[in-house]
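The sequence shown lines up with residues 4 to 581 when you count with my numbering.
To start, the structure under review is shown below, and the notes come after it.
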Amino acid sequence: MSLESRSADVTDHNDALPATEASRAGLDFIRTRIHDDNVSRRFEGRVHTRFPPEPNGYLHLGHAKSICLNFGVAKEFGGLCNLRFDDTNPVKEDTEYVDAIREDVRWLGGDWQDRLFYASDYFAQLYDYAEQLIKMGKAYVDDLSADEIRQWRGTLTEPGRESPWRNRSIEENLDLFRRMRAGEFPDGAKVLRAKIDMASPNLVMRDPALYRIRHTAHHRTGETWCIYPMYDYTHCLSDSLEGITHSLCTLEFVNNRELYDWVLDTLGVYHPQQIEFARLNLTYTVLSKRKLIQLVQEGHVSGWDDPRMPTLSGLRRRGVPPEALREFCARIGLARADSTVEYSMLEFCIRECLNVQAPRVMAVLNPVKVIIENYPDGQVEEFDMPYHPEDASYGSRKVPFSRELYIERDDFRLEPPKKFHRLYPGAEVRLRYAYFITCREAVLDEAGQIKELRCVYDPESRGGQSPDGRKVKGTIHWVSAAHALPAEVRLYEQLFAVENPNVAPEGKTFLDNLNPHSLRVIRAWLEPALAQAETGRTVQFERMGYFCKDKDSLPELPVFNRTATLRDSWTKQEKKAG
Ligand code: ATP
Ligand code: MG
4 MSLESRSADV TDHNDALPAT EASRAGLDFI RTRIHDDNVS RRFEGRVHTR
54 FPPEPNGYLH LGHAKSICLN FGVAKEFGGL CNLRFDDTNP VKEDTEYVDA
104 IREDVRWLGG DWQDRLFYAS DYFAQLYDYA EQLIKMGKAY VDDLSADEIR
154 QWRGTLTEPG RESPWRNRSI EENLDLFRRM RAGEFPDGAK VLRAKIDMAS
204 PNLVMRDPAL YRIRHTAHHR TGETWCIYPM YDYTHCLSDS LEGITHSLCT
254 LEFVNNRELY DWVLDTLGVY HPQQIEFARL NLTYTVLSKR KLIQLVQEGH
304 VSGWDDPRMP TLSGLRRRGV PPEALREFCA RIGLARADST VEYSMLEFCI
354 RECLNVQAPR VMAVLNPVKV IIENYPDGQV EEFDMPYHPE DASYGSRKVP
404 FSRELYIERD DFRLEPPKKF HRLYPGAEVR LRYAYFITCR EAVLDEAGQI
454 KELRCVYDPE SRGGQSPDGR KVKGTIHWVS AAHALPAEVR LYEQLFAVEN
504 PNVAPEGKTF LDNLNPHSLR VIRAWLEPAL AQAETGRTVQ FERMGYFCKD
554 KDSLPELPVF NRTATLRDSW TKQEKKAG
């Protein structure tokens, strides 16, 4: 699976699409438009996209959708995709974010080759364009405060009021703008605005700000600038300078497209096509950077890469393979109307992917001791077990077996319910790849808790094979008590307890929706081969789920994160609870 994979089934045909060959072929609306532009030679058949993150936070699942789309489209159409840092706000941005974003995009499979750009690289060029607009009478320096500008902008039903500074002469505007740049005025004293139309039905077009004063050092340009260009002005010109053909962005920019087009047309420069698509929303998840920053800064999680975070670094640390995210992005498809994707869809993709990729091993998460009375004390046998039941190329490892074992407490019942095929007094089960054992007795402690299980094994059933055709229904996993490695296992649940954590009742915030049980730490016992597991490696603990070795591991105490359960257990619990 690669970035090439794309949705064939989930396309949105609500709006009237041109009934071209492409849309009939099942392409989504963006790919259909690109196909049509290629057919009409609008961009000489070129396809050039970009992924433009602002380095003011870590990338999350929403960004994954945009990455897969932009890099995916480029690859499918034989085009190119740039990585561009949209770094126009020196106050919130940081090189820590730049580095993390590069790592995450690469991890997800985005390949920008030698085309890594920064909007800040264009500051000089953008400044020249701004002077050009002033000289054309299309931009002016305004002395109104930010508050006044907002108040004077009007509403959807009322036109805005023109600023008293709107009709300054070109010479005066040029002089003031140069002095803004020279640092003569404090923050907020003046802005450069486009001179468009204060009565436009589109509020974005009511003389939007192009430049503001910010006496703040920039993480790349240092003290060179004390005026910084606004997003809407920067983005279209960066796209233009890079020769982008299709500028794919999320729906909240629909109204900004008119300004995107105005800037490029007014300056008469190369003009890419902006196309909007619905952003990703996911149940039980927040995908707003502002909220994610708050979770990190206030310590509700251990950091940006906390395995419960919807960030790419969090998902990676939890053990999610990039292929699973690409598959997820392909399945959710593209639409032109907002909707919310079920979290279980993501888990489904993670399981599907790990079911193929993850080696199988044995670990006991909640142990009860088994003593095999007829197995010689001190004897140890090794069983050769395949790492993958369906793929011999994964190889195998040796697993020691001895008189004392651990099995899951849950695999034993003193009083078994109907159809319970595991262990109970008198019952026989198969220990995975080892032997058949029969439980003779459960020994209780003073508190009435099961202390150990006294069992006997059938030496004829070596390798877990029936010696005489008799059947045992249950197969359970185990570890040898003397050989098992202790480990810390971190069991994760949803970070939020409600389906839409973004809405909170009066007087509460999204933080009140946090799930108090999102992390449970337990002590577990692993088969000894796991001493060799690499950090970041995701394996299947047979019957228990997928687990990934964490960077917090110590030589004497490895730490494993639960990546996913084997089945969709939590939504079922939710439904029961609801
Ligand atoms: P936020 O609103 O959380 O601050 P943003 O959109 O401002 O996010 P950027 O760094 O500007 O974050 O985003 C980079 C690119 O990723 C943009 O093209 C944006 O449209 C896209 N993107 C961000 N969030 C989502 C999302 N939830 N779904 C799809 N695309 C997204
Ligand atoms: Mg943004």
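Ideal Cβ placement from N, Cα and C applies to all residues, glycine included.
Closer than 6 Å by C-beta to H520: which residues in its own chain qualify, once you throw out the five before and the five after it? Chain order, please.
If you number the sequence shown from 1, residue 520 lands on position 517. So the qualifying residues of the chain are E496.
Inter-residue Cα distance where the pair is I525 and R416:
The count along the sequence shown starts at 1 and reaches residue 525 at position 522. The count along the sequence shown starts at 1 and reaches residue 416 at position 413. Straight-line spacing of the CA atoms in I525 and R416 works out to 22 Å.
Whole angstroms are fine: how far does the CA of P204 sit from the CA of Q116?
The residue you call residue 116 lines up with position 113 of the sequence shown. The residue you call residue 204 lines up with position 201 of the sequence shown. When rounded, the distance between both Cα atoms is 42 Å.
Contact under 8 Å by Cβ, R493 with N564
Residue mapping note: residue 493 aligns to position 490 of the sequence shown, counting from 1. Residue mapping note: residue 564 aligns to position 561 of the sequence shown, counting from 1. Taking a C-beta distance under 8 Å as the contact criterion, R493 and N564 qualify as a contact pair.
I need the boundaries of the alpha helix (DSSP H) containing P325, first residue and last residue.
Locating residue 325 in the sequence shown gives position 322, where the first residue counts as 1. From DSSP, the alpha helix (DSSP H) with P325 extends over P325 to I335.
Contact between the region 473-493 and the region 529-536 (3+ Cβ pairs under 8 Å):
Judged by Cβ distances under 8 Å, the region 473-493 makes contact with the region 529-536, as three or more pairs qualify.
Measure the CB-CB distance between G112 and L283 and report whether it falls below 8 Å.
In the sequence shown, counting from the first residue as 1, residue 112 sits at position 109. In the sequence shown, counting from the first residue as 1, residue 283 sits at position 280. Not a contact, by the Cβ cut-off of 8 Å.
Applying the 10 Å Cβ sphere with the 16-neighbour rule, what's the burial state of Q535?
The residue given as residue 535 occupies position 532 in the sequence shown. If you draw a 10 Å sphere on the C-beta of Q535, you find fewer than 16 other C-beta atoms in it, and that means exposed.
Buried versus exposed call for V383 [16 or more other C-beta atoms within 10 Å across all chains shown]:
Locating residue 383 in the sequence shown gives position 380, counting from the first residue. Exposed, by the Cβ-count rule.
Pairs of beta-carbons, one from the region 332-341 and one from the region 266-284, closer than 8 Å: are there three or more?
Segments in contact, yes.
Taking P392 and R425 to be in contact with their CB atoms under 8 Å, please state how far apart those CB atoms are, rounded to whole angstroms.
Position 389 of the sequence shown, counted from the start, is the residue given in the question as residue 392. Position 422 of the sequence shown, counted from the start, is the residue given in the question as residue 425. Contact between P392 and R425 does not hold, since their C-beta atoms are separated by about 20 Å, which reaches or exceeds 8 Å.
Given that a residue counts as buried once 16 or more other Cβ atoms are within 10 Å of its Cβ, and exposed if not, what is T227?
Mapped onto the sequence shown, residue 227 falls at position 224. By the neighbour-count rule (16 or more Cβ atoms within 10 Å), T227 is not buried but exposed.
Under the three-state reduction of DSSP, which class applies to D461: helix, strand or coil?
As a working mapping, residue 461 is identified with position 458 in the sequence shown. When secondary structure is reduced to three states using DSSP, D461 falls in the coil class, being assigned neither helix nor strand.
Measuring straight from C-alpha to C-alpha, what distance separates F513 and N176?
Taking the sequence shown and counting its residues from 1, the one referred to as residue 513 is at position 510. Taking the sequence shown and counting its residues from 1, the one referred to as residue 176 is at position 173. Approximately 45 Å, taken between the alpha carbons.
Assign L62 to buried or exposed, taking buried as 16 or more other Cβ atoms, counted over all protein chains shown, within 10 Å of its Cβ.
In the sequence shown, residue 62 corresponds to position 59, counting from 1. Buried: at least 16 other Cβ atoms inside 10 Å.
Between the Cα of P403 and the Cα atoms of L179, G246, E385 and Y397, which residue gives the shortest distance?
Start at 1 with the first residue of the sequence shown, and residue 403 comes out as number 400. If we check each option's Cα against that of P403, E385 comes out closest.
Residues in its own chain within less than 6 Å of R435 by CB, not counting five upstream and five downstream?
Your numbering for residue 435 matches position 432 in the sequence shown. Sequence-distant Cβ neighbours of R435 in its own chain, meaning closer than 6 Å and more than five residues away, are T478 and H480.
Please report the residue range of the alpha helix (DSSP H) in which D595 lies.
Because the chain here runs from 4 to 581, residue 595 falls outside it and cannot be looked at.
Assign H249 to one of two classes, buried (16 or more other C-beta atoms within 10 Å of its C-beta) or exposed (fewer than that).
Here residue 249 refers to the residue found at position 246 when the sequence shown is read from its first residue. Classification for H249: buried.
Distance between V359 and H218 (C-alpha atoms, nearest Å):
Counting from 1 along the sequence shown, the entry for residue 218 is found at position 215. Counting from 1 along the sequence shown, the entry for residue 359 is found at position 356. In this structure, the straight-line span from the alpha carbon of H218 to that of V359 is close to 54 Å.
Which stretch, first to last residue, makes up the beta strand (DSSP E) that contains Q543?
Against the sequence shown, residue 543 aligns to sequence position 540. Note, Q543: beta strand (DSSP E), T541 to F544.
Count the other CB atoms, across all protein chains shown, that sit within 10 Å of the CB of N85; report buried if there are 16 or more and exposed otherwise.
Walking along the sequence shown from the start, residue 85 turns up at place 82. Result: buried.
My parser needs the beta strand (DSSP E) runs of 3 or more residues fully inside the region 399-434; what are they?
Counting whole runs of 3 or more residues, the region 399-434 contains the beta strand (DSSP E) stretches 399-404, 407-411 and 431-434.
Beta-carbon within less than 6 Å of G539's beta-carbon, same chain only, minus the 5 sequence neighbours each way: which residues are those?
Here residue 539 corresponds to residue number 536 of the sequence shown, with the count starting at 1. Excluding positions up to five away in sequence, the list is empty.
Does N170 pass the burial test, meaning 16 or more other C-beta atoms within 10 Å, or should it be called exposed?
Along the sequence shown, one-based indexing puts residue 170 at 167. By the neighbour-count criterion, in which a residue is buried when 16 or more other Cβ atoms sit within 10 angstroms of its Cβ, N170 is exposed.
Any 3 or more C-beta pairs closer than 8 Å across the region 436-444 and the region 455-473:
The answer is yes - the region 455-473 touches the region 436-444, with three or more Cβ pairs under 8 Å.
Which ranges would you report for the alpha helix (DSSP H) in the region 260-341 if only whole runs of at least 4 residues count?
Counting whole runs of 4 or more residues, the region 260-341 contains the alpha helix (DSSP H) stretches 260-270, 292-300, 315-321 and 325-335.
Meets three-Cβ-pair contact criterion under 8 Å: the region 81-100 and the region 232-245
The region 81-100 is in contact with the region 232-245.
Just how far apart, CA to CA, sit I410 and K454?
Within the sequence shown, numbered from 1, the residue matching residue 410 stands at position 407. Within the sequence shown, numbered from 1, the residue matching residue 454 stands at position 451. Roughly 12 Å separates the two Cα atoms.
Run of the alpha helix (DSSP H) containing A587, from where it starts to where it stops:
With the chain represented from 4 up to 581, any question about residue 587 goes unanswered, as that position is not in the structure.
Report yes if the CB atom of R109 is closer than 8 Å to the CB atom of A142, and no otherwise.
Locating residue 109 in the sequence shown gives position 106, where the first residue counts as 1. Locating residue 142 in the sequence shown gives position 139, where the first residue counts as 1. Taking 8 Å as the Cβ cut-off, R109 and A142 do not qualify as a contacting pair.
Hey, how far is the Cα of P370 from the Cα of R412?
As a working note, residue 370 is residue 367 in the sequence shown. As a working note, residue 412 is residue 409 in the sequence shown. Each residue's alpha carbon lies about 5 Å from the other.
E393 beta carbon near ligand 3 (any heavy atom closer than 7 Å)
This structure lacks ligand 3; its bound ligands are ligand 1 and ligand 2.
Taking 8 Å as the cut-off, decide whether the C-beta atoms of K207 and E261 are in contact.
Locating residue 207 in the sequence shown gives position 204, where the first residue counts as 1. Locating residue 261 in the sequence shown gives position 258, where the first residue counts as 1. Checking the displayed sequence, the identity of residue 207 turns out to be Val instead of Lys. Cβ atoms of V207 and E261: closer than 8 Å.
Cβ-based neighbour list, L569, same chain, cut-off 6 Å, excluding 5 preceding and 5 following:
Numbered from its first residue, the sequence shown carries residue 569 at position 566. The beta carbon of L569 sits closer than 6 Å to those of G548, all from its chain and outside the five residues before and after it, given in chain order.
What residue does the beta strand (DSSP E) around T52 start on, and which one ends it?
Within the sequence shown, the letter at position 49 stands for residue 52. Per DSSP, T52 belongs to the beta strand (DSSP E) from H51 to F54.
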